[in-house]
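J.: Before we start, here is the structure in question, set down as structure tokens.
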Amino acid sequence: MSKVKQQEEIAIRVNDVSKNFKLPHEKTNSIKSGVLNVFRSKHKSVESQHALKHISFDVKKGEFFGIVGRNGSGKSTLLKILAGIYQPSDGSVETHGKLVPFIELGVGFNPELTGRENVYLNGAMLGFSEKQVDSMYDKIVEFAELKPFMDQKLKNYSSGMQVRLAFSMAIRADADILLIDEVLAVGDADFQRKCFKYFNQLKATRKTVIFVSHDMGSVREYCDRAVLINEQELIYDGSASDVAEKYLKIMTPESIASAEEDKSTDGSIDERWGDGAFSISNVKCQVDDQYIHINYKAKAKVDCVDPVYGYSIRNDKGDEICGTNTLIVGRKTKSIKAGNSVVVSWKVDNIFTDGVYDIDVAVVYDNQLTVAEWRNRAASVEIKKVQRLPYPINPRSVVEVV
Amino acid sequence: MRKNIDNAITKYRYSAILLRQLVITEFKLRYQGSVLGYLWSLMRPLFLFLIMYVVFVYFLKIGGDVPFWPVQLLLGIVLWNFFAEVTNNGITSVVERGDIIRKINFPKYVIILSSAISAFINLLINLTVILVFMLISGVHLHVGMLLAPIFIFEIFAFAIGISFLLSAVFVKFRDINYIWEIVMQGLFYGSVVIYPITMVMERGGHFAQILLLNPVAQSIQDARHALVSPEAHTLFGLTGGNIWVSLIPVLIVILVSVFGIFVFKRQAPSFAENV
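So the sequences go chain by chain: U and B.
Heads up: the first sequence begins at 1 in my numbering, then just goes up one per residue.
Heads up: the second sequence begins at 1 in my numbering, then just goes up one per residue.
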């Protein structure tokens, strides 16, 4: 009896799932190489790439469940296995209830068809018959705010219009279990707000949702429970806030470590570039409620007239969201002789919303085009304020209501 | 048990919905942007027929003594084109739908069926043209004509079976469509489309019978026999009513289809990774 009940309550059971991708060194895409490989079978080197190793967890009905991990950790592969798109190499996935995946919005959209025709096509992909689409058609169009455009071909839509149409289809999905990839929440701020509103709705109606993300803010906000995937393995299964914390721990030490490593001058080309007239070291970054403090030492290797010191901040998606330099802020710098160094200290208003930010620091010449030394992601900082907001910035707001 | 039935219903309902929409889409897109649109469905085989007629009947004097040869020629061309369209589109269809396969899980056989069915609709349009030609040429209408759908179905099943088999192989071996192009060239001349079977029979021996073991040739010839002229020779007739030999092409169709479906079913779960 209790076993039956337990069964009923589980939406998805992932049982020791592993996934390997076969990576033949030369992919046999033609019969010639296929035939040749048969004869050479001894030398045939098929490399197996492990994408997931022994993953097990349960998702209960009505849970908002997060799958968290860095890029390349295997979380997208896991999502595709849950969606039934990939087959696990080992282990099994049990699904109870109708599952609809949103790995991408508007699957099957065809640019040569009109908006209306695409609604029916995408509707079919989501499992709706023509009659069902008929009955919800007006609502879909209204929500997408595309009424005058429905008889135009999709190729004439702007990308924003396409996303709007696809999204208003997606929220109609009649599923017991929804798989949502974070890509869903891309787009402009207005669209993101719509997304978050939809998430809130899902949460309120107790839908089972599996949400893949590396945005800890939204994981903290929406997920009841989450798992953390790192290097193809499940390393933590627990409450969303614990998982978010663990995730940030994995993320941050590495950025700091790489910053420390860079004290020696041999950084990789990816991480530092420029003509080498300067070297930047001792990059430190601290945060309090009001300011982010960025400090670094810049040492000149050759004489330099009027160097310009700057920084920029990237969010966890890698977009540069702000930055400036001494020239822009109107701070005159002194020319510097070879072998001398200066310490640059920036104090930046902390108007950022919760998340992990990477800091780039740089010395450029006063034309602002030629770079003496630029260090990508020289430091990293986590901002954690009281509450999560669905906006890119979170300035201090004081209110008086009289 | 009850749950299994429910699951099956849900599964097939989804396939049916998807199949319907994909066929509609394919049909809409087929002649998109062309001025004459669907008229091309009729005009393509007609012009091909015209060329063949001028070259083979008028200049090379082939088939002059065969009753209703022009109509037989047109029927042969239309059925051959149908076979070619189903297989050619079928083979590449899985790869062409790769972007959807990678995003959503759905029954993959729907892809093959949707492209086959839209070719079939095209065939139906063409058959109405043939019907008009038959009436103009004074072909006698009789009950035996009702057998024709069986032979058309035989070609259809054969083409779908081949599509299942080769589309699954095409995902990994992209040479398949070039090979198939060459095979089709050979099959075209071996399928008694543009010359009457009587020409082969004149060479004597069992040539004609061997030729008709090919399911495409056999069903085209049988369809001609049923629809156009009872004098058109069939495998059954040529073997003197030997049922066992006459069943060989049918057996080939069944074997190819079963094998094709088997291979497709085995490969389908890994399409998303390999496509």
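Glycine included, C-beta positions come from ideal geometry on N, C-alpha and C.
Which residues share a DSSP beta bridge with residue 120 of chain B?
T.: Looking at the DSSP assignment, residue 120 of chain B forms no beta bridge with any residue, so it has no partner.
J.: Please find out if some non-hydrogen atom of the ligand FMN comes closer than 6 angstroms to the beta-carbon of residue 323 of chain U.
T.: Only the bare structure without any ligand can be found here, which leaves the ligand FMN out of the picture.
J.: How close, in whole Å, do the beta carbons of residue 32 of chain B and residue 121 of chain U come, if the pair is a contact with beta carbons under 8 angstroms?
T.: The Cβ separation is near 14 angstroms, so there is no contact.
J.: Residues of chain U with a CB under 8 angstroms from the CB of residue 273 of chain B: which are they?
T.: Within chain U, the residues near residue 273 of chain B are 21 and 86.
J.: Would you mind telling me which residues of chain B sit closer than 9 angstroms to residue 120 of chain U, beta carbon to beta carbon, in chain order?
T.: Those are 21, 24 and 25, listed as they occur along chain B.
J.: When we look at the beta-carbon of residue 291 of chain U and count the other beta-carbons within 10 Å, is it buried (16 or more) or exposed?
T.: With fewer than 16 Cβ atoms within 10 Å of its Cβ, residue 291 of chain U is classed as exposed.
J.: Using alpha carbons as the reference points, say which of B/223, B/18 and B/124 lies closest to residue 113 of chain B.
T.: When each option's Cα is compared against that of residue 113 of chain B, the closest is B/18.
J.: Using Cβ-Cβ distances below 7 angstroms, what residues of the region 250–274 of chain B are close to chain U?
T.: Answer set for the region 250–274 of chain B: 269, 270, 272 and 273.
J.: For a quick check, are the C-beta atoms of residue 12 of chain U and residue 95 of chain U less than 7 angstroms apart?
T.: Yes, Cβ-Cβ distance for residue 12 of chain U and residue 95 of chain U is below 7 angstroms.
J.: In the DSSP output, which residue or residues are listed as bridge partners for residue 179 of chain U?
T.: U/101 and U/210.
J.: By the three-class DSSP mapping on this structure, what secondary structure does residue 121 of chain U have?
T.: Helix, per DSSP.
J.: On the premise that residue 306 of chain U lies in contact with residue 335 of chain U, defined as a C-beta separation below 8 angstroms, what is that separation, rounded to the nearest angstrom?
T.: Sure, about 6 angstroms apart at Cβ, within 8 angstroms.
J.: Would you mind stating whether residue 65 of chain U and residue 272 of chain U have Cβ atoms separated by less than 7 angstroms?
T.: No, these two residues do not count as a Cβ contact at 7 angstroms.
J.: What residues in the region 283–311 of chain U have a beta carbon less than 9 angstroms from any beta carbon of chain B?
T.: Of all residues in the region 283–311 of chain U, none has a Cβ within less than 9 angstroms of some Cβ in chain B.
J.: When you compare each of U/93, U/145, U/278 and U/350 to residue 164 of chain U by their alpha carbons, which one comes out closest?
T.: Answer by Cα proximity: U/145.
J.: Could you name the residues of chain U that residue 100 of chain B contacts, counting a contact when the two beta carbons are closer than 9 angstroms?
T.: Those within 9 angstroms of residue 100 of chain B in chain U are 107, 108 and 125.
J.: Which residues in the same chain have their Cβ closer than 6 angstroms to the Cβ of residue 262 of chain U, if we skip the five residues on either side of it in sequence?
T.: Below a pLDDT of 50, predicted positions are generally treated as unreliable, and residue 262 of chain U, at 43, falls in that range; the measurement from the model is reported next regardless. None.
J.: Consult DSSP for residue 65 of chain U and reduce its assignment to one of helix, strand or coil.
T.: DSSP places residue 65 of chain U in strand when its eight states are reduced to three.
J.: Considering residue 360 of chain U, what are the terminal residues of the beta strand (DSSP E) in which it resides?
T.: Run containing residue 360 of chain U: 355–364, per the beta strand (DSSP E) assignment.
J.: In or out: residue 143 of chain B buried (at least 16 other Cβ within 10 Å) or exposed?
T.: Exposed is the call here.
J.: So, at 6 angstroms on beta carbons, what are the nonlocal neighbours of residue 326 of chain U in its own chain, with the 5 sequence-adjacent residues on each side left out?
T.: Once the five neighbours on either side are set aside, the close Cβ partners of residue 326 of chain U are 308, 309 and 333.
J.: So that I know if they touch, is there some Cβ in chain U lying closer than 7 angstroms to that of residue 211 of chain B?
T.: So no, residue 211 of chain B is outside the interface.
J.: Measure the CB-CB distance between residue 95 of chain B and residue 263 of chain B and report whether it falls below 7 angstroms.
T.: Cβ atoms of residue 95 of chain B and residue 263 of chain B: not closer than 7 angstroms.
J.: Alpha carbon to alpha carbon, what distance is there between residue 283 of chain U and residue 373 of chain U?
T.: So the two alpha carbons sit approximately 13 angstroms from each other.
J.: Restricting to Cα atoms, I'd like to know which of U/243, U/293 and U/162 is closest to residue 346 of chain U.
T.: The shortest C-alpha separation from residue 346 of chain U is found at U/293.
J.: Using a Cβ-Cβ distance under 7 angstroms, would residue 104 of chain B count as near chain U?
T.: By this cut-off, residue 104 of chain B is an interface position.
J.: Consider the Cβ of residue 17 of chain B: report whether some Cβ of chain U lies at a distance smaller than 7 angstroms.
T.: By this cut-off, residue 17 of chain B is an interface position.
J.: Mapping the DSSP letters down to three states, classify residue 278 of chain U as helix, strand or coil.
T.: In this structure, residue 278 of chain U counts as strand in the three-state DSSP scheme.
J.: Specify the secondary structure class of residue 59 of chain U as computed by DSSP and reduced to three states.
T.: Correct three-state label for residue 59 of chain U: strand.
J.: Under 8 angstroms Cβ to Cβ from residue 353 of chain U, same chain only, skipping five residues before and after it: list those, please.
T.: Excluding residues within five positions, the ones whose Cβ falls inside 8 angstroms are 217, 383, 385, 388, 389, 391, 392, 393 and 394.
J.: Taking Cβ-Cβ distances shorter than 9 angstroms, what residues in chain A pair up with residue 111 of chain U?
T.: The structure shown has no chain A; the protein chains it does contain are U and B.
J.: Nearest-angstrom Cα distance between residue 63 of chain U and residue 101 of chain U?
T.: Looking at the two C-alpha atoms, the distance is approximately 16 angstroms.
J.: Closer than 6 angstroms by C-beta to residue 343 of chain U: which residues in its own chain qualify, once you throw out the five before and the five after it? Chain order, please.
T.: Excluding residues within five positions, the ones whose Cβ falls inside 6 angstroms are 297.
J.: Please report the residue range of the alpha helix (DSSP H) in which residue 225 of chain U lies.
T.: Element bounds for residue 225 of chain U: not the alpha helix (DSSP H) but the beta strand (DSSP E), 225–230.
J.: Express the C-alpha separation of residue 214 of chain B and residue 234 of chain B in angstroms, rounding to a whole number.
T.: Looking at the two C-alpha atoms, the distance is approximately 12 angstroms.
J.: Looking at chain B, is there any beta carbon in it that lies within less than 7 angstroms of the beta carbon of residue 419 of chain U?
T.: Here chain U covers residues 1 to 402 and nothing more, so residue 419 of chain U does not appear.
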